[in-house]
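Chemist: Numbering (my numbering), first residue to last: 44 to 1124. Yeah, the Cβ is synthetic: ideal placement off N, Cα and C, and Gly gets one too. Note that the coordinates shown come from a computational prediction; the quantities given were computed from them, not determined experimentally. Submitted below is the structure of interest, expressed as structure tokens.
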């Protein structure tokens, strides 16, 4: 099949090239012989660990040694330099080494079949040198690797190397020896045309590094075919590159579908208000403290995700600055989806109807498994939580099921029977002596499966499914695994399906009743101001009609009076005329007077006639005016009556809405009159209508949803047990190529029906979901998406129907093995636009570009950028940390949930306070790389002072921008009682962490190094935003305080000269405000 490239700059070509040149690094050397796994280099005079004279320790019972051999260790720069990039000064660069091949050897020196792996990076380098172009970096490599494997098999046979069970008759074989590894290396270099390209390690030998570990004889996942050398994404990206980009989520992610009607939620407050309507609030809620609803931006994101992605394939981007509650929001999404599926489940009066079909899953052990398909209404709720950040995955895996007051409110901890014993075992871990230790608080429910790598998958299966394996862990309580539990459900565990269903429906009915009540309030909040204006307007109109009626009535009365007067006058004139006519001079009188009397008489007659005519005309005119006036008055009276009725109706409606508002007993959850004021920053701190009564009902509904799931699982124990056995084979990659993808999907759906979420790193995603086709799972939540390389997230997005990306591109950027200068060369070689560079364009940025809801922010000195729906309410840092990060990085986007005023912070005794956040000014005459000996000395003094003051040293985080400083401060940190592994390191290791006190060791010998550290706001942001109460900076004030970002923070910090006696600073600090209270999150 030929790849269908949609455009010349299709990123898949570039991404595949990046991954081809991004092999996995060889493991770091062990610091002591007792470490397991143990990693060491081997010289020609040193016996290999499986050789008889090696004095290798015996494996413990039930385990066997297994050795991964990295043959031909080389400096990756020598392979990358074939791309001929321009010279660029780099800081904090970490030496990268890989190997030409890897092979896996058993404890007796037998080569394990099908474990030899050839470096794709080595091959690609050779091909580029030979052909000056990058052809198909996957298919061509696959052909070359197949040919190489065939020739390697011939070489192994020719040399008599023992392989597998070694059943070859008539041939004498021997364990793998150093000379054999050297021959295999030479063969690989010849096959890849890189003998003259690579710089192989010459000490102590031509690159033999061996990782030795003990593996269980009952290993869950066989390592055959495992690739410890090449990028885990390469093959997956190739598979995806062959497929059309016609799915909603993929088209969005690649920018092929972008919204034309973007909504800026900082400006369009009506869109925000509509989006937090109770009708859009999910029925289920995470059972946290009911007095603390989600912040407005959190609830907005939850509601929009569920509304926008309910029926379609797509992605939704949530931008999460530090301390804004990303995990809290994700927990509510989980509760919402579990409750939605329970609602679908509750429609089955007979739970067996929830399964509609069965099939046979073919496994590599030639043992067919029966697998049952769920009804379509129950599918699509699977939740995978993935991240590139191992720490983020670990945190979520521990936080979601943890039974503590910050996760599960005490009021809900009384009745949490969702397989909590098994969940508690899954949270167990070994202490420093290798003994199993039960978590202090335990787990409240089997909510999450920590999967991903072989170790995690094996631990989940052995602990959750198999009672005998779970109970081999000494020091932990005996717990029945799911496999045995479903085989014979104990009476105490049985739950009546009808009772559980009825309980859920009852709880659901209560939630819907409360929702409907609040929806009326939500509508009323918008309608009441409009009604009040309408009542006022209609009232004013009615008053106008009243006045018009009076005016017209008065006019009519005046007109009638005048008309009567004129009629009376006209009547008198007619009488006069009649009398005058009667008095006309006779003939004789006319003759005797010679006609003199007739003239005046006639004149008088004409005058009277004209007067009468004039009055009659006036009368007619006035009668017309009166008729018009009467009609107008009737019209006004009609409108008056209509307005009066309208007003009465509006007043009744207003009274009803006012009554609805008055009846709402939770005034704190009612929006203020200033809710739509653009400058109202209090609005964002809480969501309307989510009062404690409603929150409690929704939380209880979620718990009833879990009980309904448990009732279903136990009622359908036979089918669920069969499905879990099928899932086990799928998870172990023990299915055959003939296994139908749909059957694989059914097995995965069975897991998620029992355990709502599964966590994994992206690196494990391609292998774990290898037998799944695209879009066969429901949901992918990407945590710390700002750290996720776009191509890595792409492999996860392809397998799910909907994706929610939560992260922040202004914190740490993706870590790619291949340095950026080489990536730029690959951009040019593949003809790809720079908008696909991973470091500047992580998964979060790609999602932000195509998300409808978001806002524009403009960090100082930067261009405006569009970010996905932002979480705005920060609840971690006091000042000056909060203001520095908010102003310098986010352009004022964030709002502090509790008020960021610096507070007193007791060290051990109330009278002894930690000094305010400060800058310890240290000059350095001589440097160790980018590490300052004087800064390390000041760190030691500060830690010693804190320790002697009785401070809990586990509440301190020590970080630096530079690797050199990390190396040199590790001993000082350990001596102070701080874990150098978890509470100290470079800033790059601090994402996802927080501490009451953060100490930043600046280092940075040169101006170039310092400029590198502030070339973007990311490092500054992560460093400062880790500190909850105090930030102490140690470094050269003159060199750093004038730099971007630091120049805003420096004036807010106390400055102490290097010679300052630290104990005096502590003694001179007196309380100025009440002690810090617990902050609800």
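Are there 16 or more other CB atoms within 10 angstroms of the CB of residue 559, so buried, or fewer, so exposed?
Modeler: Classification for residue 559: exposed.
Chemist: If I'm right that residue 491 touches residue 798 with Cβ under 8 angstroms, what's the distance once you round it to whole angstroms?
Modeler: Yes, they are in contact, since the Cβ atoms of residue 491 and residue 798 sit about 7 angstroms apart, within 8 angstroms.
Chemist: Whose C-alpha, out of 934, 890 and 195, is nearest the C-alpha of residue 904?
Modeler: Answer by Cα proximity: 934.
Chemist: Can you find at least 3 beta carbon pairs, one from the stretch 369-384 and one from the stretch 789-806, that sit closer than 8 angstroms?
Modeler: A contact exists between the stretch 369-384 and the stretch 789-806.
Chemist: From the DSSP output, in three-state form, read off residue 88 for me.
Modeler: Note: residue 88 maps to coil in three-state DSSP.
Chemist: How would you write the range of the alpha helix (DSSP H) that residue 345 sits in, first residue to last?
Modeler: It spans 339-351 - the alpha helix (DSSP H) in which residue 345 sits, taken as one unbroken run.
Chemist: Check residue 257 in the structure and name its three-state DSSP category.
Modeler: Three-state DSSP puts residue 257 in a strand.
Chemist: For residue 99, collect the residues of the same chain with a Cβ closer than 6 angstroms to its Cβ; drop the 5 residues on either side in sequence, then sort them by chain order.
Modeler: Only 92 meet the Cβ criterion.
Chemist: Buried or exposed: where does residue 61 fall if 16 or more other Cβ atoms within 10 Å of its Cβ makes it buried?
Modeler: The residue in question, residue 61, is buried, as its Cβ has 16 or more Cβ neighbours within 10 Å.
Chemist: Mind checking residue 246: buried by the 16 CB within 10 Å criterion, or exposed?
Modeler: Its pLDDT being 39, under 50, residue 246 is placed unreliably by the model, and nothing is read from it.
Chemist: Who does residue 319 pair with in a DSSP beta bridge?
Modeler: DSSP, once it has assigned bridges, lists no residue as partnering residue 319.
Chemist: My parser needs the beta strand (DSSP E) runs of 3 or more residues fully inside the stretch 959-1029; what are they?
Modeler: Correct list: 961-964, 999-1003 and 1027-1029.
Chemist: Less than 8 angstroms between C-beta atoms, sequence neighbours within five positions excluded: which residues of the same chain meet that for residue 599?
Modeler: 669, 672, 673 and 676.
Chemist: Take the Cβ of residue 360 as the centre, count every other Cβ of all protein chains shown within 10 Å, and call the residue buried at 16 or more, exposed below.
Modeler: Flag for residue 360 reads buried.
Chemist: Just how far apart, CA to CA, sit residue 555 and residue 746?
Modeler: When rounded, the distance between both Cα atoms is 16 angstroms.
Chemist: Who are the Cβ neighbours of residue 1061 in its own chain at under 7 angstroms, not counting the five residues just before and after it?
Modeler: Excluding positions up to five away in sequence, the list reads 853, 854, 855 and 856.
Chemist: Excluding five sequence neighbours on each side, which residues of the same chain lie with their C-beta closer than 6 angstroms to the C-beta of residue 451?
Modeler: If we look at residue 451 and ignore the five residues flanking it on each side, its Cβ neighbours are 330 and 487.
Chemist: In whole angstroms, what separates the C-alpha of residue 235 from that of residue 72?
Modeler: Each residue's alpha carbon lies about 27 angstroms from the other.
Chemist: Which residues in the same chain have their Cβ closer than 6 angstroms to the Cβ of residue 758, if we skip the five residues on either side of it in sequence?
Modeler: Closer than 6 angstroms at the Cβ level, and outside the excluded window around residue 758, lie 394 and 540.
Chemist: Do you know how far the Cα of residue 104 is from the Cα of residue 880?
Modeler: About 49 angstroms.
Chemist: Would you call the CB atoms of residue 363 and residue 851 closer than 8 angstroms?
Modeler: Yes; because the gap between Cβ atoms is below 8 angstroms, this pair is in contact.
Chemist: Below 6 angstroms CB to CB, which residues in the same chain sit around residue 56 once its five sequence neighbours on both sides are set aside?
Modeler: Hits under 6 angstroms: 873.
Chemist: Helix, strand or coil for residue 1073, going by three-state DSSP, please let me know.
Modeler: Residue 1073 falls in the strand class under three-state DSSP.
Chemist: Check this for me: beta carbons of residue 869 and residue 877, under 8 angstroms apart or not?
Modeler: Taking 8 angstroms as the Cβ cut-off, residue 869 and residue 877 do not qualify as a contacting pair.
Chemist: Do the stretch 299-308 and the stretch 895-913 make contact, defined as three or more Cβ pairs closer than 8 angstroms?
Modeler: Yes, since at least three Cβ pairs between the stretch 299-308 and the stretch 895-913 fall closer than 8 angstroms, the two stretches touch.
Chemist: Expressed to the nearest angstrom, what Euclidean distance is found between the alpha-carbon atoms of residue 64 and residue 837?
Modeler: Going by the C-alpha atoms only, they are around 18 angstroms apart.
Chemist: Going by C-alpha distance, which of 453, 414, 95 and 300 is nearest residue 895?
Modeler: Of 453, 414, 95 and 300, the residue nearest in Cα terms is 300.
Chemist: Excluding five sequence neighbours on each side, which residues of the same chain lie with their C-beta closer than 8 angstroms to the C-beta of residue 1187?
Modeler: Residue 1187 is absent from the structure shown; the chain starts at 44 and stops at 1124.
Chemist: Could you have a look at residue 1116 and say whether DSSP puts it in helix, strand or coil?
Modeler: Confidence at residue 1116 is low in this model, with a pLDDT of 49, below 50, so its placement is unreliable and no value can be given for it.
Chemist: Is the CB-CB distance between residue 901 and residue 970 below 8 angstroms?
Modeler: No.
Chemist: What is the DSSP secondary structure of residue 399, counted as helix, strand or coil?
Modeler: Here residue 399 sits in strand by DSSP.
Chemist: Whole angstroms is fine: what's the gap from residue 987's alpha carbon to residue 1019's?
Modeler: One C-alpha to the other measures close to 7 angstroms.
Chemist: Which residues share a DSSP beta bridge with residue 949?
Modeler: DSSP output for residue 949 lists 956 as bridge partner(s).
Chemist: Tell me, which residues are paired with residue 1100 by DSSP?
Modeler: Answer is 964, bridged to residue 1100.
Chemist: Going along the chain, which residues of its own chain have a beta-carbon closer than 8 angstroms to the beta-carbon of residue 35, five neighbours each way excluded?
Modeler: Limits of the chain in this structure are 44 at one end and 1124 at the other, which puts residue 35 out of reach.
Chemist: Would a C-beta distance cut-off of 8 angstroms place residue 165 and residue 226 closer than the cut-off?
Modeler: Against a cut-off of 8 angstroms, the Cβ pair of residue 226 and residue 165 comes out as no contact.
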